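Residue numbers (the working numbering): 3 to 57.
In this text, a Cβ means the ideal position worked out from N, Cα and C, and glycines have one as well.
Every value quoted in this text rests on a predicted model; they were computed, and no experiment measured them.
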């Protein structure tokens with residue numbers, strides 16, 4: 003899905019405001035299309051983006 007690829011690029015570029023909007027749309031995917039749509043989208047997010055930042 004395009005949104006997940008967009009999320010990765012926004013996080014890498016440091017555009018957290020847009021990344022937040024994309025994350026909201028991913029949540030909307032869950033609310034609109036159920037768990038299957040949400041899981042499909044999350045499965046496309048790079049694993050490195052799902053790990054907490056060290057700090």
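Under 8 Å by Cβ, that's how I've got residue i and residue j pegged, so tell me the actual separation to the nearest angstrom.
{"i": "residue 8", "j": "residue 28", "result": "Their Cβ separation, rounded to whole angstroms, is 10 Å, which puts residue 8 and residue 28 out of contact at 8 Å."}
Can you say whether residue i is buried or exposed, counting buried as having 16 or more other CB atoms within 10 angstroms of its CB?
{"i": "residue 21", "result": "buried"}
Would you report the Cα separation of residue i and residue j, rounded to the nearest angstrom?
{"i": "residue 19", "j": "residue 40", "result": "21 Å"}
{"i": "residue 13", "j": "residue 48", "result": "11 Å"}
Here's a check: name, in chain order, each residue in its chain whose Cβ is nearer than 6 Å to the Cβ of residue i, leaving out the five neighbours to either side.
{"i": "residue 32", "result": "40"}
{"i": "residue 44", "result": "none"}
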